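Participant: At position 47 of the sequence shown (counting the first as 1) the number is 79 in this note's numbering, and the numbers step up by one without a gap.
Mind having a look at this structure? Questions to follow.
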Amino acid sequence: MDFRDVNFYFLILIMGSTKFFTLKEARLSNNCPECYSTDGLEITFKQKFTENAFYKAITNDTAYDIYCYNCDTSIFPIQWTDDIERVVDYQQRSINPKPKSIKLKKLAWIIILLDLLLFIIVVLIIMGIINI
Ligand SMILES: [Zn+2]
């Protein structure tokens, strides 16, 4: 492993990634705009969170997508019929997003504790309690 590799891993550690977790999945009985089947559409509501080595943070951002399991196609908003829009509206009111939050991971706590320990040692040296 050379220096560039170390840099790369450090970057991944700091930056982390943006992910989604599923809030709700619901079958829709609407016609699929692609294959006209009435039993293929499913809507998934998701909430965004970011995670790196130090913390996991839930954001206020929610997203949804509609997928047809009959014709295996993502149905984008531009293809929605009025009926689909109404159902999405209705479903959206029933979802319960989690409140925005941030949770520190063990690594962050270890670094905070090490910093605190270092601070205490420095103070003790300055006060002459510890001699080096
Ligand atoms: Zn379809």
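Quick reminder that beta carbons are idealized off the backbone N, C-alpha and C, glycines included.
Quantities reported herein were computed from a predicted structural model and do not represent experimental measurements.
Ordered along the chain, which non-local residues of its own chain (more than five positions away) have a Cβ less than 8 Å from that of MET47?
Facilitator: By 1-based counting over the sequence shown, the position of residue 47 is 15. Taken in chain order, the residues that qualify are ASN84.
Participant: Does the beta-carbon distance from PRO65 to TRP112 come in below 9 Å?
Facilitator: Here residue 65 corresponds to residue number 33 of the sequence shown, with the count starting at 1. Here residue 112 corresponds to residue number 80 of the sequence shown, with the count starting at 1. Yes, they are a contact pair.
Participant: Alpha carbon to alpha carbon, what distance is there between ASP147 and ASP8?
Facilitator: Any question about residue 8 goes unanswered here, given that the chain covers just 33 to 164.
Participant: Taking 9 Å as the cut-off, decide whether the C-beta atoms of PHE77 and LYS51 are in contact.
Facilitator: As a first step, residue 77 is located in the sequence shown; it is residue number 45 there, counting from the start. As a first step, residue 51 is located in the sequence shown; it is residue number 19 there, counting from the start. Cβ distance not < 9 Å, so PHE77 and LYS51 don't count as in contact.
Participant: Run through the DSSP bridge pairs and tell me what ARG59 is partnered with.
Facilitator: Here residue 59 refers to the residue found at position 27 of the sequence shown. ARG59 pairs with GLU74.
Participant: I'd like to check one pair, LEU139 with PHE81: are the Cβ atoms closer than 9 Å?
Facilitator: Mapped onto the sequence shown, residue 81 falls at position 49. Mapped onto the sequence shown, residue 139 falls at position 107. The answer is no: Cβ separation not under 9 Å.
Participant: Could you give the residue range of the beta strand (DSSP E) that holds ILE98?
Facilitator: Here residue 98 refers to the residue found at position 66 of the sequence shown. ILE98 -> beta strand (DSSP E) spans 87-100.
Participant: Please state whether the Cβ-Cβ distance between ALA89 and ILE143 is less than 9 Å.
Facilitator: For the purposes of this step, residue 89 is identified with residue 57 of the sequence shown, where counting begins at 1. For the purposes of this step, residue 143 is identified with residue 111 of the sequence shown, where counting begins at 1. No, these two residues do not count as a Cβ contact at 9 Å.
Participant: Helix, strand or coil for ILE164, going by three-state DSSP, please let me know.
Facilitator: Your numbering for residue 164 matches position 132 in the sequence shown. In the structure shown, ILE164 sits in coil (DSSP, three-state: anything other than H, G, I, E or B).
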